[in-house]
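Written out below as structure tokens is the structure these notes cover.
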Amino acid sequence: MDPSTGYRPVSLSAPRVSCVRGGRVVFEDVDLSVPPGSALVLRGPNGAGKSSALLTLAGLVGEKDKKIEWVGADPETEPRTLIHLVGHRSAVQDTLTVRENLVFWTRVLEGRQERVADALAASGLARLADAPCAILSAGQTRRLALARLVAVPRPVWLLDEPTSALDDAGARWVRELVLGHLARGGLAVAATHIPLGIEEDDARVRVLDLGGETLL
Amino acid sequence: MSATENRSGPPGLWTRIAHPGLFLGWSRHLVVPLALLCIALFAVGLYFAFPGSPADYQMGDTVRMMYVHVPSAWLSQFCYGVMCVSAIGTLVWRHPMADVSQKAAAPLGAAFTALALFTGSMWGRPTWGTFWEWDGRMTSTLILLFIYLGIVALWRAFDDQLKAARVIAVFTLVGAINIPIIKFSVDWWQTLHQPASVFRLDGPTIDTAMLVPLLVMTGAFSVLFLTLHLVGMRTEIGKRRVRSLQTALARAEGGAR
Amino acid sequence: MSAIGAIIGRELRLSLRQGGDLLTLLVLFIGIGVLVPLAVGPDRALLARIAPGIIWIAALLAQLLIHDRLFRADHEDGSLLAFRHAGLPLEAIVGAKLVAHWITGGLPVIIAAPLMGVMLGLEPMTALAAVGVLVIGTPALTALVAISAAITVGLRRGGLVAPVLILPLTLPVLIFGTGALSASAMAAQGQAVLLLGALSLVSVAMAPFAAAAALKISGE
């Protein structure tokens, strides 16, 4: 456990992952391995299985052969507590305030509440902290969802279309967030059809096209 | 799919039973013999039920209702057992045939339960003087019918049949825990509100002349259930194949554009 | 432990801020207490005799009214997905939600029950006893409603199917619940209370696992 980051870096070993959903094979034998400090960007058209790949890595969709391993993780911890999964829905309750939402998720994800203020500042929502989430714009809701990543440090980030609904400044913020995470030894897998702007970083970022054959 | 099978050589017994394609193959040869057996059993059973057995000294000819009522009541419960076993197959082994078996059994269970209730009430009118009595057994059978109908409704509500099978399996097993509780509660309730006029059936032991048709008819109904269940499963597999072919076609069309 | 508190706290906040829910619940519950005398006539002896049944049916309908809010919002806004990465297993989270749901959906009905009992001509002591019996029995209702709500969470028309699933399962609660309050069978009352308690314990023990299993499947 590194006290400055709050987690021990892990690496994802998933050399041959297959995904079957709803009785059809979404993809077969795909290498989704990611070493610590680097990122995997999944691209592809709708239905290519980007989201399915994230759900599979998150352990939420049946992976029969248990080919996904988190190397270097404390064997006592449940894999689910290593992972942040931010889906395309933001898990933000409209009737709660911005701070209440973040405090709630921090407690549920078992993070420390001291980081909530930092996370609000980092996501640019500090001045809106006591506003109900119903008044937030789609982009601000997205920032709030991503603020969880700051509030609760975890080594693995699984991000589904992280920049959707965000403007240029927001997208830049996400890029900084991900690069900072990699610098601290974390790993990230992002599914996106919009370039995140980190793809050109050859050393740390691998781009994988899923379902390219349907792009005729 | 087929590639892995070629590699593994001739399919074992379990694979042969369990693989949907192979199931369609071997079950095709079973449907007609089962149907014939069913007809033969019904012919023998109905002969013994009508000219071949005496009327009851108390109930007269209405006792013959028993030869339909008791087998359907038995199947109303047996069918739930089949669904529970299939539900376990769905949840533990995630086997598509277990899904299909669950789905095919639900409407059959509902039908046999409804038949048991209908014949029971037809029988109740001349013997008890009323079509419906809030008798413990009848009430819990009625609740069982509601559970079956709920399961049928669930099947119809889901689009994704694979997900449906597993969710419904959870409900089927929850129901299996609850059915004895429901039965107990209804019995308890009945002793609380015991009506004086109900004629109890459990008194006299049954005569051999009535036992023979009863057993044959029970056999006939059970074979009828097996046949219908098999046909239902085959139909369901066929439907799923059509569906997956259509999906494949849609995807091919989408790719061509 | 903090996570359990957070979930219960959130549910209570949501329910209080969307005050309309609580009000609707109480209006429905009391409304049934007004409708029944109007429908069957103001015969006090008859009303007092059927009052326990009416109270239980009203409590069940109130639960049916709000079953959809138990998991549907969390399913639709992605919270259920995020819950899967909480420190606690989903079963524990479902358990916490059950507690919160009982407080927001069961407790108001329990508090309003004596009023309803008096409206239906129950003796004041029996009306108070109704509170105790509801406290013992409503956890079972909440648990069974939760199972059905979890099973139908992925369905667009789930709100329509769930009551069909719930009704047969809640029959024993209704039977023992009214048995515990029925004046015609004093001897059986104690037994009914015990059976009702057993039913609540079994249902509450089973519900988090069954509901979590259904939610996990629906989340795939």
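Chains as they are written, first to last, in my numbering: chain G, 101 to 316; chain B, 607 to 863; chain P, 2 to 221. Ideal Cβ placement from N, Cα and C applies to all residues, glycine included.
Using a Cβ-Cβ cut-off of 9 Å, A763 (chain B) is close to T153, L156, R157, R158, G159, L161, V162 of chain P, given in chain order.
9 Å or more divides the Cβ of S727 (chain B) from the Cβ of I788 (chain B).
In the same chain as A271 (chain G), and ignoring 5 residues on each side of it, the C-beta atoms closer than 6 Å to its own belong to T263, in chain order. Between T719 (chain B) and S692 (chain B) the beta-carbon gap is near 17 Å, outside 8 Å, which marks them as no contact.
Among the residues facing chain P, H188 (chain G) is included, as its CB has a counterpart in that chain under 9 Å away. Shown here, V252 (chain G) sits in coil according to DSSP, grouped into three states, outside any helix or strand.
Here D129 (chain G) is near S118 (chain G), since their CB atoms are less than 9 Å apart. Going by beta carbons, V95 (chain P) and L15 (chain P) fall outside the 9 Å limit. The beta carbons of L160 (chain G) and R85 (chain P) sit about 6 Å from each other, so the pair counts as a contact at 8 Å. Of the candidates P:T127, P:V154, P:L39, the residue whose Cα lies closest to the Cα of P53 (chain P) is P:T127. For V130 (chain G), the secondary structure class from DSSP, reduced to helix, strand or coil, is strand. The bridge partners DSSP lists for A856 (chain B) come to none. Those residues of the stretch 199–218 of chain P placed with their C-beta closer than 8 Å to a C-beta in chain B are L200, V203, M207, A211, A214, A215, I218, ordered along the chain. In the three-state reduction of the DSSP assignment, D309 (chain G) falls in the strand class. In the structure shown, the three-state DSSP call for L798 (chain B) is helix. Annotation: V136 (chain P) to M120 (chain P) spans about 20 Å, alpha carbon to alpha carbon. Annotation: V162 (chain P) to S149 (chain P) spans about 9 Å, alpha carbon to alpha carbon. When rounded, the separation of the alpha-carbon atoms in S633 (chain B) and L836 (chain B) is 7 Å.
Take L266 (chain G), set aside five residues on each side of it, and the residues of its chain with a beta-carbon closer than 6 Å to its own are G239, R242, in chain order. Interface flag for S791 (chain B) against chain P is set, since a Cβ pair is found closer than 9 Å.
Apart from the 5 residues on each side of it in sequence, A181 (chain P) sits with its Cβ closer than 7 Å to the Cβ of V134, Q190, A193, V194, L197 in its chain, given in chain order. Not a single C-beta of chain B is nearer than 9 Å to the C-beta of E92 (chain P). The residue from P:G20, P:I67, P:I176 with its alpha-carbon nearest to that of D793 (chain B) is P:I176. H835 (chain B) carries a helical assignment under DSSP once its states are collapsed to helix, strand and coil.
In the three-state reduction of the DSSP assignment, T745 (chain B) falls in the helix class.
Nearest Cα to R70 (chain P) within the set P:I56, P:K98, P:D44, P:E124: P:K98. Counted as a single uninterrupted DSSP element, the alpha helix (DSSP H) harbouring H635 (chain B) occupies residues 626–655. Excluding sequence positions up to five before and after G106 (chain G), its CB lies within less than 6 Å of the CB of P253, all in the same chain and listed in chain order.
The alpha helix (DSSP H) runs lying completely inside the stretch 9–71 of chain P and spanning 4 residues or more are 20–41, 45–67, given in chain order. Distance between S237 (chain G) and I56 (chain P), taken at the CA atoms: about 45 Å. The beta carbons of G138 (chain P) and V174 (chain P) sit about 5 Å from each other, so the pair counts as a contact at 8 Å. Around L89 (chain P), the same chain offers A4 as residues with beta carbons nearer than 6 Å, after the five sequence neighbours per side are excluded. Secondary structure at P232 (chain G): strand, using DSSP grouped into helix, strand and coil. For T197 (chain G), DSSP records a beta bridge to G:P232.
Taking D301 (chain G) as reference, the option from G:G149, G:D309, G:S133, G:L282 with the minimal CA-CA separation is G:L282. When DSSP states are grouped into helix, strand and coil, A288 (chain G) belongs to the strand group.
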